[in-house]
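Enquirer:
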Amino acid sequence: MTEPQKLMLVTGMSGAGKTTALRVLEDLGWESVDNFPIRLLRPLVREVLADEARAPLAIGFDSRTRGFVPAEVIAIVKSLGESDDIDLSTMFIDCHNTELERRYNETRRRHPMARGRTAIDGIRAERDLLDPLRRWADMLIDTSELATNELQQFVRQNFETQQGGVLAITVSSFGFARGMPPLADLVFDMRFLDNPHWQEGLREQTGLDEDVADYLAAADGFEENFGRIRDLVLDLLPRYRAQGKSYVHIAFGCTGGRHRSVYSAERMARALRDEGFVPTVMHRNLASRATDMVELQSA
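Each step along the sequence shown adds one to the number in numbering that gives the first Met the number 0, with nothing skipped, and position 152 is 151.
#1: Would you mind sorting Ser88 into buried or exposed? The rule is 16 or more other CB atoms within 10 Å of its CB.
#2: Label Arg266 either buried or exposed according to how many other C-beta atoms from any shown protein chain fall within 10 Å of its C-beta, with 16 as the threshold for buried.
#3: Secondary structure at Val247, three-state DSSP: helix, strand or coil?
#4: Sort Asp26, Ala268 and Phe60 by Cα distance to Ala54 and report the nearest one.
#5: Buried or exposed for Gly14, please, with buried defined as at least 16 other CB atoms from any protein chain shown within 10 angstroms of its CB.
#6: Would you kindly check if the distance between the Cβ of Ile119 and the Cβ of Glu100 is under 8 Å?
#7: For Pro111 and Ala124, what's the separation of their Cα atoms in angstroms?
#8: Which same chain residues, not among the five before or five after Arg38, have their C-beta less than 6 Å away from its C-beta?
#9: Ignore the nearest five residues each way along the sequence and tell me which others in His248's own chain have a CB closer than 6 Å to its CB.
#10: Can you tell me whether Val68 is buried or exposed? The criterion is at least 16 other CB atoms within 10 Å of its CB, across all chains shown.
#11: Where does Gln242 land, buried or exposed, given buried means 16+ other C-beta within 10 angstroms?
#12: Are Thr19 and Leu150 closer than 8 Å when you measure CB to CB?
#13: When the Cα atoms are used, what is the spatial distance from Leu79 to Asp93?
#14: In this structure, does DSSP put Glu222 in helix, strand or coil?
#15: Less than 8 Å separating the beta-carbons of Val280 and Thr205?
#16: Between Ser171 and Arg259, is the Cβ-Cβ spacing less than 8 Å?
#17: Excluding the 5 residues preceding and the 5 following Asp33 in the sequence, name in chain order all residues of the same chain whose CB lies nearer than 7 Å to its CB.
#18: Spell out the partners DSSP gives Cys326 in its beta bridges.
#19: I want to know whether the segment 211 to 223 touches the segment 126 to 137 - three or more CB-CB distances under 8 Å.
#20: Tell me the DSSP secondary structure of Gly174 in three-state form.
#21: Can the beta-carbon of Ala218 be found closer than 8 Å to that of Leu192?
#22: Are the Cβ atoms of Glu274 and Leu235 separated by less than 8 Å?
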């Protein structure tokens, strides 16, 4: 039986990172087309379906695209999604207005919808226009706190392994003191554990070190609560997949992102591997030096 044709529509706010995402998908073997006329979408899909040598197809469009009317786009895409021959998904790349304004001001580029007004006026007008697509999209990526290379890394991790129905899983650690991860599906707060930062000899180590791992494994409440988290995740993953979700990001947080969250993420990755999954592991704040100011924000 022929596998359904993978078709991803990539849209979002101008300046949020759509072009970057499309370039990464192209590097991963997707055929990538940006600013494709909406009225030609159906003929293009028919041509792709007729080709025996199929490749995943990513099509980018936004407010600059010819014939762009969100309601019409949604209607066309809904009709395409009813076909059993097409595995359709939609990615929306978003970013906070203030960060978009900063990017436009720094590069001195003109916002496509500003029309002689300020960048923030164009950003607000575009957000109103795109709101139906944002609410309708399968996947929302907020790049407000992401550097370009972090967006590139996220797209690679979530789409390079999506062959033959494989669920792409990312397990990460982070520090609440440095902000929440914008792309996580499941977030677990590990600050209920005693903080190794206050233990002599453990402050400069991390959750990857054996002494810290031994301390946390023996900590009051860790094993029983981690067991509950593990069982919940293992129950949810096949349910996510059954709903058509292709990527899941599981994040563990602590205060500084160096001890409790790192160890918990490593334990979760190990548990997932034992069940046959192939998770990608990321430690966002592991390289950050723990400071008294950061660690004092929480026990």
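Heads up, the beta-carbon is just placed ideally off N, CA and C, and yes, glycines get one too.
Expert: Answer, in terms of the structure:
#1: Position 89 of the sequence shown, counting from 1, holds the residue named residue 88. By the 10 Å Cβ count, Ser88 comes out buried.
#2: As a first step, residue 266 is located in the sequence shown; it is residue number 267 there, counting from the start. Buried is the call here.
#3: The count along the sequence shown starts at 1 and reaches residue 247 at position 248. Under the three-state reduction of DSSP output, Val247 falls in the strand class.
#4: Position 55 of the sequence shown holds residue 54. Cα-wise, what sits closest to Ala54 is Asp26.
#5: Mapped onto the sequence shown, residue 14 falls at position 15. Gly14 should be labelled buried.
#6: Indexing the sequence shown from 1 puts residue 100 at position 101. Indexing the sequence shown from 1 puts residue 119 at position 120. Taking the C-beta atoms as reference points, Ile119 is found nearer than 8 Å to Glu100.
#7: Reading the sequence shown from its first residue, position 112 is the one you call residue 111. Reading the sequence shown from its first residue, position 125 is the one you call residue 124. Between Pro111 and Ala124, the C-alpha separation is close to 10 Å.
#8: By one-based count along the sequence shown, residue 38 stands at place 39. So the list reads Gly66, once near-sequence residues are dropped.
#9: As a working note, residue 248 is residue 249 in the sequence shown. Taken in chain order, the residues that qualify are Thr169, Leu182, Ala183 and Asp184.
#10: Residue 68 sits at position 69 when you count from the first residue of the sequence shown. Answer is exposed; the Cβ neighbour count stays below 16.
#11: Translated into positions along the sequence shown, residue 242 becomes position 243. Burial state of Gln242 is exposed, judged by a 10 Å Cβ sphere holding fewer than 16 other Cβ atoms.
#12: Along the sequence shown, read from residue 1 onward, the residue named residue 19 stands at position 20. Along the sequence shown, read from residue 1 onward, the residue named residue 150 stands at position 151. Yes, the pair counts as a contact, with Cβ atoms nearer than the cut-off.
#13: For the purposes of this step, residue 79 is taken as the residue at position 80 of the sequence shown. For the purposes of this step, residue 93 is taken as the residue at position 94 of the sequence shown. Asp93 has its alpha-carbon roughly 24 Å from the corresponding atom of Leu79.
#14: As a first step, residue 222 is located in the sequence shown; it is residue number 223 there, counting from the start. Residue state, collapsed to three classes: helix.
#15: Translated into the one-based positions of the sequence shown, residue 280 becomes position 281. Translated into the one-based positions of the sequence shown, residue 205 becomes position 206. Taking C-beta atoms as the reference points, Val280 and Thr205 fail to come closer than 8 Å.
#16: Within the sequence shown, the letter at position 172 stands for residue 171. Within the sequence shown, the letter at position 260 stands for residue 259. Cβ distance not < 8 Å, so Ser171 and Arg259 don't count as in contact.
#17: Here residue 33 refers to the residue found at position 34 when the sequence shown is read from its first residue. Same-chain partners within the cutoff: Thr18, Leu21 and Gly59.
#18: Nothing can be reported for residue 326, as the shown portion of the chain is limited to 0 through 298.
#19: No, the segment 211 to 223 does not touch the segment 126 to 137.
#20: Here residue 174 refers to the residue found at position 175 of the sequence shown. Here Gly174 sits in strand by DSSP.
#21: Position 219 of the sequence shown, counted from the start, is the residue given in the question as residue 218. Position 193 of the sequence shown, counted from the start, is the residue given in the question as residue 192. Less than 8 Å separates the beta-carbon of Ala218 from that of Leu192.
#22: Taking the first residue of the sequence shown as 1, we reach residue 274 at position 275. Taking the first residue of the sequence shown as 1, we reach residue 235 at position 236. The answer is no: Cβ separation not under 8 Å.
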